[in-house]
Amino acid sequence: APQLKAARDTLRRCSRELEACKDDDAARARLIAEAAHAALLLRKTSSSLFAAIDGPKLLVVCKEAYLGTFAAFAAVLSSTAAKVGVGIGLGTKLANAVNAVVAPAVAKMLRTLRDRA
């Protein structure tokens, strides 16, 4: 990121300085070369950034976010969906409470069976 910021700053500076040195061809050539180098750095960075993005996975993530958002809107607007949501919340809390009691007993039974084997 610091290199990108430096490249953007270089392009801005070169743009301002090109306006100031309209008659000096050597200075213009130097500024154009410097700006071309900064633009090339920005282009390489953006190309590698786009190459790092996995298109199909990004599409799946966006689709799921879209569907989740509209499912949440539907739940807010529907009283039936709200009741189901409350039921699911209670079911989750009940499952967690039962799991806290049952899981240690099952783990102990599995350890006992493993020790016997």
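Take the sequence shown: its position 104, counting from 1, is numbered 605 in our numbering, and each next residue is one higher. Virtual Cβ for every residue (Gly too), placed ideally from N, Cα, C. As the structure is a computational prediction, the values presented were derived from the model and not from experiment.
Need the endpoints of the alpha helix (DSSP H) that cysteine 515 sits in, please.
It spans 503-521 - the alpha helix (DSSP H) in which cysteine 515 sits, taken as one unbroken run.
Taking the straight line between their C-alpha atoms, what separation do you get for aspartate 526 and leucine 542?
About 24 Å.
Thinking just about the alpha-carbon of each residue, which of Ala507, Thr511, Leu532 and Ala508 is nearest to the one in leucine 519?
Nearest option by C-alpha distance: Leu532.
How many Å lie between arginine 513 and arginine 529 at the Cα?
Distance between the alpha carbons of arginine 513 and arginine 529 is about 14 Å.
Measure the alpha-carbon distance for glycine 445 versus alanine 575 and round it to whole angstroms.
Look at the range of the chain in this structure, 502 to 618, and you will see that residue 445 is not part of it.
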